[in-house]
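> My questions will all concern the structure given below.
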Amino acid sequence: MTSTSESPPPTTPTFRQNLIRVIAVQVGALLLLWLLQSRYTS
Amino acid sequence: MRSLDWAILIAYIAYVGIDGIRRTKRSTEIEGYLLANRSLPWWAVGLSVMATQLSAITMIGTTGQGATDGLRFVQFYFGLPLAMVILGVTLVPFLHGARVFTAYEFLERRFDAKTRSLTAFLFLLSRGLSCGTILAAPAVVFSSIFGWPVAWSVAIMGIPTVIYTIVGGVQAVAWADVKQMVLVVTAITAVIAVVLFKLPVTPDAALHVAGAVGRLRVFDFSFDITQTYTFWSGLIGGMFLMLAYFGTDQSQVQRYLTAKSVDEARSSLLISAYWKIPLQAGVLLVGVLVFVYYLFMPQPMLFNPTHDRRVREAQPVEYQALASQFGAALAQRDTAARAMAARRNDGTRDAFRSAEKHVQDVRTEALALAARVTGESSRDVNYIIPHFVLFDLPVGLTGIFIAAVMAAAMSAVAGELNSLATASVIDFYRRWFRPNAPDTTYVRASKIATMIWGLFACIIASYAVRLGSLIEVVNRFGSFFYGSILGVFVLAMVRRSRATGAFVGLMAGISVVGAVAFGLPQVAFLWHNVIGAVTVVVVGLVVSAFSPAPPTPVAR
Chain A
1 MTSTSESPPP TTPTFRQNLI RVIAVQVGAL LLLWLLQSRY TS
Chain U
43 MRSLDWAILI AYIAYVGIDG IRRTKRSTEI EGYLLANRSL PWWAVGLSVM
93 ATQLSAITMI GTTGQGATDG LRFVQFYFGL PLAMVILGVT LVPFLHGARV
143 FTAYEFLERR FDAKTRSLTA FLFLLSRGLS CGTILAAPAV VFSSIFGWPV
193 AWSVAIMGIP TVIYTIVGGV QAVAWADVKQ MVLVVTAITA VIAVVLFKLP
243 VTPDAALHVA GAVGRLRVFD FSFDITQTYT FWSGLIGGMF LMLAYFGTDQ
293 SQVQRYLTAK SVDEARSSLL ISAYWKIPLQ AGVLLVGVLV FVYYLFMPQP
343 MLFNPTHDRR VREAQPVEYQ ALASQFGAAL AQRDTAARAM AARRNDGTRD
393 AFRSAEKHVQ DVRTEALALA ARVTGESSRD VNYIIPHFVL FDLPVGLTGI
443 FIAAVMAAAM SAVAGELNSL ATASVIDFYR RWFRPNAPDT TYVRASKIAT
493 MIWGLFACII ASYAVRLGSL IEVVNRFGSF FYGSILGVFV LAMVRRSRAT
543 GAFVGLMAGI SVVGAVAFGL PQVAFLWHNV IGAVTVVVVG LVVSAFSPAP
593 PTPVAR
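And the structure:
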């Protein structure tokens, strides 16, 4: 058995910004779907 | 299909094949052939990742599911963005940084050869089978609507795909994927626009009508593990499935290993995180709108033309009786839908619901009759969209949509073949038989492996038609192993885990998932991923705690 010597590079500020954007977009998408459901499903 | 549609279809298939080969930089080095020398831009990798996952099943089965079941299938993808985010900070940097060809190669560096070989073997088994079902989905539908033998349909899509994958390697696959995504999004957008234009009611009224019979119900918050698609199964089970699929499945891992850097690999996955849910919602919305369209236009009792013909011939009296009931039910539903579109209140809504239920009752009887006559389970849902595309779309757009379905199948299969060949050569041939051969040998072996897997997929495609719902078949194959393999990769990132723990954990995970799948079949398959991953991690850590530490490497 050998152990890996590679370690992941640190998270960059760009990537952290992207993460926040992804979460924001998903929350927006879910909200939109929720609005679609509540407006048209009775 | 009319001449223009055929011309578009043939031109597209020829273009993909020729351009895929033309763009290829001939490579005699294995890193160039299998990983494009890790040089592709993030956006091309990201589109390739999405295209590999988006198969013809999405275009035919998922749209059909939208027509019969509404939008709730989109819950399946709720865990995906979170999974992409987690992978971006965990496995992607490990795998890209390790400069490996396959995800399983990384496991040997961390654990041992047997863990690598077992996970690679499970990948080959599950992906080899699913590759066949991916090809089978459109082949069955095309053979039924065009009257071709299934083998012809398989060959029409399979042969060009195998050729450009063999000749061009991963570069041809990736660039064909980019074209496919553009075509698919164009086709979906155009179909939505055309349906909205052709509807005799306003889009707002159409959505109210669809919503009245639950087609716009997205969220199901019940925590019921026997329900396949709920908010929680999608968020938790789906997240585990996506973590396993995008993080440990070579067909996906190989896409982002072609990226220029770790950051570009991460960014490529974020494209899926941004666009997967909106894209799937759009695909399902096509189905919902087609459902609304057929409320106002004549629709067949059975969408599958082969089943329709066989029932008509075998049981003419019973068929005619059902057909006249169906005609009357459709007329009643048409009136009720128009009334509801014009004036929305409890009375018109209830009348429409009742009329829709009557139509569905007659159709259920017709489907049961078809199942009795043909001896096959009903897969009528997969024929709704092809029927609409062939008979209700304007000339030209039909060709574009059929080309998009074929492109989706071809690019998904190409990605699978490429990764199957990579795992076969790197994890078995190079690892166990020819560890020090020149690169030209491995490139040649990869081409031969692609051809063999292509042949295998075509053979499997002929048998997969007898299996159940096309969407679930593919996911079921994966769910048997995915969660357990994910568990091994999680262990690989835990410092105290040992090779014995990983291997025993993997065996335990597969056994437990198998026991649950057969012993408790009511547990929805998305939960198998959670069960497998958790079992592997728990058993792996417990066994590791009792395993001796590896010898410290001696510095030379």
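Respectively, the protein sequence lines represent chains A and U. For the first sequence, position 29 matches number 29 in my numbering, and the numbering has no gaps at all. Offset between the second sequence (1-based) and my numbering: plus 42. Where is the CB? At the ideal position from N, CA and C, for every residue including glycine.
(1) Given that a residue counts as buried once 16 or more other Cβ atoms are within 10 Å of its Cβ, and exposed if not, what is U/Trp474?
(2) With distances taken Cα to Cα, identify the nearest neighbour of U/Ser586 among U/Met343, U/Val578, U/Arg540 and U/Phe545.
(3) Give me the subset of the region 536-547 of chain U whose CB atoms are less than 7 angstroms from a CB atom of chain A, sorted by chain position.
(4) Using the C-alpha atoms, what's the distance from U/Pro477 back to U/Leu326?
(5) Starting from U/Phe261, find everything on chain A with Cβ-Cβ shorter than 8 angstroms and list it in chain order.
(6) Run down chain A in chain order and give the residues with a C-beta less than 7 angstroms from the C-beta of U/Pro436.
(7) Near U/Gly130, which residues of its chain fall below 8 angstroms by C-beta distance, leaving aside the five closest residues on each side in sequence?
(8) One question on the structure: do U/Val142 and U/Leu299 come within less than 9 angstroms of each other, judged by their Cβ atoms?
(9) Across which residues does DSSP place U/Ala672 in a beta bridge pair?
(10) Checking contacts by CB at 9 angstroms: is U/Ala301 closer than that to chain A?
(11) Should U/Gly510 go down as buried or exposed, given a rule of 16 or more other Cβ atoms within 10 Å for buried?
(12) At a CB distance below 7 angstroms, what residues from the region 426-457 of chain U approach chain A? Give them in sequence order.
(13) In its own chain, which residues sit with a C-beta less than 6 angstroms from the C-beta of U/Val158, not counting the 5 before and 5 after it?
(14) Thinking C-alpha only, which one of U/Val555, U/Val584, U/Ser504 and U/Phe560 is nearest U/Thr542?
(15) Determine the chain A residues that contact U/Gly324 at a beta-carbon separation under 9 angstroms, and present them in chain order.
(16) Taking 9 angstroms as the cut-off, decide whether the C-beta atoms of U/Gly529 and U/Gly561 are in contact.
(17) What's the call for U/Leu462, buried or exposed, on a 16-neighbour Cβ count within 10 Å?
(18) Would you mind giving the Cβ-Cβ distance between U/Val353 and U/Leu432, rounded to the nearest angstrom? I have them listed as a contact below 8 angstroms.
(19) Residue range of the alpha helix (DSSP H) that U/Thr440 falls in?
(20) Answer yes or no: do U/Leu372 and U/Ala408 have a C-beta to C-beta separation smaller than 9 angstroms?
(21) Name the two residues that bound the continuous alpha helix (DSSP H) containing U/Leu364.
(22) Any Cβ of chain A within less than 9 angstroms of the Cβ of U/Leu583?
(23) Where does A/Asn18 sit, in a helix, a strand or coil, going by DSSP?
(24) Quick one, are the C-beta atoms of U/Phe345 and U/Tyr287 less than 9 angstroms apart?
(25) Of all Cβ atoms in chain A, is any one closer than 9 angstroms to the Cβ of U/Arg405?
(26) Please say whether U/Gln294 and U/Gln144 have beta carbons closer to each other than 9 angstroms?
(27) Would you kindly report the start and end of the unbroken alpha helix (DSSP H) that includes U/Leu283?
(28) Distance, Cα to Cα, U/Phe443 vs U/Phe136?
(29) Where do the N-terminal and C-terminal ends of the alpha helix (DSSP H) with U/Met223 fall, by residue?
(30) Take U/Val581 and list the residues in its own chain whose beta-carbon comes closer than 8 angstroms to its own, dropping the five residues that flank it on each side.
(31) Can you find the residues in the same chain that come closer than 7 angstroms, C-beta to C-beta, to U/Val334, ignoring five residues on each side of it along the sequence?
(32) Rounding to the nearest angstrom, what Cα-Cα distance links U/Val236 and U/Leu435 in this structure?
(33) Counting along the chain, where does the alpha helix (DSSP H) carrying U/Ile52 start and finish?
(34) Under three-state DSSP, which class holds U/Leu528?
Reading off the structure:
(1) On the second sequence, position 432 is the one that residue 474 of chain U refers to. Under this definition U/Trp474 is an exposed residue.
(2) Looking up residue 586 of chain U in the second sequence gives position 544. Looking at the Cα atoms, U/Arg540 is the closest of the given residues.
(3) Ala541
(4) Sequence index remark: in the second sequence, residue 326 of chain U carries index 284 (1-based). Sequence index remark: in the second sequence, residue 477 of chain U carries index 435 (1-based). About 48 angstroms.
(5) Walking along the second sequence from the start, residue 261 of chain U turns up at place 219. Within 8 angstroms Cβ-Cβ: Leu33, Trp34 and Gln37.
(6) Along the second sequence, one-based indexing puts residue 436 of chain U at 394. Within 7 angstroms Cβ-Cβ: nothing; U/Pro436 doesn't reach chain A, min ~27 angstroms.
(7) In the second sequence, counting from the first residue as 1, residue 130 of chain U sits at position 88. Only Arg308, Leu311 and Leu312 meet the Cβ criterion.
(8) Taking the first residue of the second sequence as position 1, residue 142 of chain U is located at position 100. Taking the first residue of the second sequence as position 1, residue 299 of chain U is located at position 257. Inclusion of U/Val142 and U/Leu299 in the CB contact set at 9 angstroms is warranted, their separation being smaller than that value.
(9) This structure gives no information on residue 672 of chain U, because the portion of chain U shown stretches from 43 to 598.
(10) The residue labelled residue 301 of chain U in the question sits at position 259 within the second sequence. Not one chain A Cβ lies under 9 angstroms of U/Ala301.
(11) Stepping through the second sequence from its first residue, residue 510 of chain U is reached at position 468. Caution applies to U/Gly510, whose pLDDT of 49 falls short of 50 and renders its modelled position unreliable; the model cannot decide the point.
(12) none
(13) Locating residue 158 of chain U in the second sequence gives position 116, counting from the first residue. Checking the displayed sequence, the identity of residue 158 of chain U turns out to be Arg instead of Val. Answer for U/Arg158: Tyr146, Leu149 and Glu150, listed in chain order.
(14) One-based indexing of the second sequence puts residue 542 of chain U at position 500. Cα-wise, what sits closest to U/Thr542 is U/Val584.
(15) Indexing the second sequence from 1 puts residue 324 of chain U at position 282. Chain A residues near U/Gly324: none, gap ~11 angstroms exceeds 9 angstroms.
(16) If you number the second sequence from 1, residue 529 of chain U lands on position 487. If you number the second sequence from 1, residue 561 of chain U lands on position 519. Contact: no.
(17) Working through the second sequence from its first residue, we reach residue 462 of chain U at position 420. Flag for U/Leu462 reads buried.
(18) Translated into the one-based positions of the second sequence, residue 353 of chain U becomes position 311. Translated into the one-based positions of the second sequence, residue 432 of chain U becomes position 390. Going by Cβ atoms, the distance from U/Val353 to U/Leu432 rounds to 20 angstroms, so no, they are not a contact pair.
(19) Here residue 440 of chain U refers to the residue found at position 398 of the second sequence. Here the alpha helix (DSSP H) through U/Thr440 covers Leu439 to Thr464.
(20) Position 330 of the second sequence, counting from 1, holds the residue named residue 372 of chain U. Position 366 of the second sequence, counting from 1, holds the residue named residue 408 of chain U. No, these two residues do not count as a Cβ contact at 9 angstroms.
(21) The residue given as residue 364 of chain U occupies position 322 in the second sequence. Its alpha helix (DSSP H) spans residues Pro358 to Ala384.
(22) Along the second sequence, one-based indexing puts residue 583 of chain U at 541. By this cut-off, U/Leu583 is not an interface position.
(23) Position 18 of the first sequence, counted from the first residue, corresponds to residue 18 of chain A. In the structure shown, A/Asn18 sits in a helix (DSSP, three-state: H, G or I).
(24) The count along the second sequence starts at 1 and reaches residue 345 of chain U at position 303. The count along the second sequence starts at 1 and reaches residue 287 of chain U at position 245. When the beta-carbon positions are compared, U/Phe345 and U/Tyr287 stay at least 9 angstroms from each other.
(25) Walking along the second sequence from the start, residue 405 of chain U turns up at place 363. By this cut-off, U/Arg405 is not an interface position.
(26) Start at 1 with the first residue of the second sequence, and residue 144 of chain U comes out as number 102. Start at 1 with the first residue of the second sequence, and residue 294 of chain U comes out as number 252. In the sequence under discussion, the amino acid at residue 144 of chain U is Thr, which differs from the Gln named in the question. At least 9 angstroms separates the beta-carbon of U/Thr144 from that of U/Gln294.
(27) The residue you call residue 283 of chain U lines up with position 241 of the second sequence. Where U/Leu283 is concerned, the enclosing alpha helix (DSSP H) stretches over Gly280 to Thr290.
(28) Stepping through the second sequence from its first residue, residue 443 of chain U is reached at position 401. Stepping through the second sequence from its first residue, residue 136 of chain U is reached at position 94. Answer to the nearest angstrom: the Cα atoms are 39 angstroms apart.
(29) Within the second sequence, the letter at position 181 stands for residue 223 of chain U. Residues Val192 to Lys240.
(30) Stepping through the second sequence from its first residue, residue 581 of chain U is reached at position 539. These residues qualify, in order along the chain: Gly543, Val546, Gly547, Ala550 and Gly551.
(31) Position 292 of the second sequence holds residue 334 of chain U. So the list reads Leu241, Ala248, Val251 and Ala252, once near-sequence residues are dropped.
(32) If you number the second sequence from 1, residue 236 of chain U lands on position 194. If you number the second sequence from 1, residue 435 of chain U lands on position 393. Going from the Cα of U/Val236 to the Cα of U/Leu435 covers about 8 angstroms.
(33) Here residue 52 of chain U corresponds to residue number 10 of the second sequence, with the count starting at 1. Here the alpha helix (DSSP H) through U/Ile52 covers Ser45 to Arg64.
(34) Numbered from its first residue, the second sequence carries residue 528 of chain U at position 486. Three-state result, U/Leu528: helix.
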